[in-house]
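Before any comments, here is the structure.
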Amino acid sequence: MISCKKKEIGPQFLNNPIQENFYFDVLVGCEGNFGTANGSITAFSSSSDSLRNYYFQQQNNFPLGDVVQSISLIDGELFIVVNNSGKVQVVDSLDLSSKYEISGLTSPREIIKISDSILYISDLYSNAIAVYDKENKMLLPAIAVSGWTESMIKINESVYVCSPTQNLVYKINSNSHQLVDSISVGPYPYDLVLDKNNMIWVLCSGEYNMNNGTLEKINPSSFNKETVVDLNASASNLCLDGAAANIYWISNGVNKMNVDQSVSNLIIPSNSSLFYGLGVHPVTNDIYVADAIDYVQSGKLMIYSNDGSIIKTKTTGINPQAILFK
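Residue 1358 is where the sequence shown starts when you use my numbering, and the numbers rise one by one after that.
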C-alpha cells in the first residue's frame, strides 16, 4: 500500500547533537526553503569521500536560519551569511562550532575582509554596505550606495562591488570607507573575480528572458572596460580555478573560458538538472556543481573532472548553492 501525505518543510536538525571531529575540505551552503529556517551546511571530505548533511545543526543543536546565502573563510573562522535571518553566523572552521553572530543586518549577501579588524557586508535592500569591526564586535557607520549590492573584491586600497539593480560596479576607498567611483556594465552584474593578470571579470546575468548576459573585463588600474563578451544567454555563478587562469560560469550548463582568450566552451550541459551553484577545487581542478532539482527536496552535489566527465554524485541539503573550498 502506498499512502500520500503532506511533507513537512520545517527546520531539520538532530535532537541529540553528535560532537565529532570530521575533516572536510568542501562546504556547501544550502539555502533551505524560504521562510522555514531550514538553511543548512553540507560538509564533504574529498579525500575520504565522506559527507555530513546539516552539519552545523549537528554540531550546535540549533538551526542555522533562513536562506544560507554565502560562506567566507576569514582568519580561521567561517562567516556564514544567512540572508533572510538578517545575520552572519561565525563558526570555527574546523568543526563548525558556533562562536558568535553578527546581527542587525537587513538582508546580507556576501562578506569580505578589508583589514585585520574590518569587514564589509553587501546587502539586498539596505542601500548600503555594512562595515563591521571584528575586534570590538560592532557595526560601524555604513557606506551609503544606491540599490542592491552583491559580490565584492578588494585590490590594494580599493573595494569593487557589484550593484545588480544599478548595472554598476562601485569603487570604494577601503581607508575612508567612501564611495569614490563607479562604472557602467551590462544588466544585473552579480559576480566578479580577479584573474592571474590582475584583471577583474564581471558576470552580468542579463535581464529576465532577454538572453543578454555579458562577461566583462575591467582593468582596475584605469577602471576602464577592456573586453565585453556577449553570452547571448542568461548566466550566473562566476568562479575561477586555482591558478586564476580559467573562469567558469553557469549558462545552460557549465561554461569555461581561458582569461587570455575570449572564446568559451560549454563543457557540462545541464540537460534536465537545475544547476544552482558552482565551484572549482583549487587543488584537483575538479568541478563541483550544485543541483537544486526542484527547489523543494534535498539537492545534489555533482563532481566532475575538469574535462566534464562525471565522477560522483552526493545528496545535500535543500537548495545547495554556495560552495567553499578550504
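Cβ coordinates follow ideal geometry from the N, Cα and C atoms, glycine included.
For secondary structure counted as the beta strand (DSSP E) over 3 or more consecutive residues, the segment 1389 to 1462 holds these complete runs in sequence order: 1397 to 1402, 1407 to 1409, 1425 to 1431, 1434 to 1439, 1444 to 1449 and 1455 to 1459. If you draw a 10 Å sphere on the C-beta of residue 1595, you find 16 or more other C-beta atoms in it, and that means buried. For residue 1673, the three-state secondary structure derived from DSSP is strand.
Around the CB of residue 1423, 16 or more other CB atoms lie within 10 Å, so the residue is classed as buried. Between the beta-carbon of residue 1489 and that of residue 1476 there is about 4 angstroms, and that keeps the pair under the 8 angstroms contact cut. As the crow flies, the alpha-carbon of residue 1659 is around 16 angstroms from that of residue 1609. One Cα belongs to residue 1513, the other to residue 1555, and the distance between them is close to 11 angstroms. Taking a cut-off of 8 angstroms for Cβ pairs, the segment 1461 to 1473 and the segment 1481 to 1501 touch, as three or more such pairs fall below it. Contact between residue 1384 and residue 1428 holds, with the beta-carbon distance rounding to 6 angstroms and staying under 8 angstroms. Taking 9 angstroms as the cut-off, the Cβ atoms of residue 1470 and residue 1528 do not count as close. A Cβ-Cβ separation of about 6 angstroms places residue 1509 in contact with residue 1479 under the 8 angstroms criterion. In this structure, DSSP gives residue 1471 a state outside helix and strand, which the three-state scheme calls coil. For residue 1571, DSSP records a beta bridge to 1561 and 1587.
With 16 or more other Cβ atoms from the protein chains shown falling within 10 Å of its own Cβ, residue 1563 counts as buried. Listed in chain order, the non-local C-beta contacts of residue 1441 below 6 angstroms within the same chain comprise 1423 and 1424, local neighbours out to five positions each way being set aside. Rounded to the nearest angstrom, the gap between the Cα atoms of residue 1670 and residue 1449 is 27 angstroms. Judged by DSSP in its simplified three-state form, residue 1678 adopts strand. Annotation for residue 1673: 1385, 1387, 1399, 1656 and 1658 place their beta carbon closer than 6 angstroms to its own, counting only its chain and skipping 5 residues before and after. Comparing alpha carbon positions, the residue from 1499, 1491, 1544 and 1455 closest to residue 1415 is 1455. Setting aside the 5 residues that flank it on each side, residue 1682 is surrounded in the same chain by 1382, 1383, 1636, 1638 and 1639, each with a C-beta closer than 7 angstroms to its C-beta; the list follows chain order.
Looking only at 1539, 1543, 1419 and 1577, the smallest Cα-Cα distance to residue 1551 is reached by 1577. Annotation: residue 1504 is outside any beta strand (DSSP E) and is labelled neither H nor E by DSSP. For the pair residue 1549 and residue 1530, the Cα-to-Cα distance works out to about 18 angstroms.
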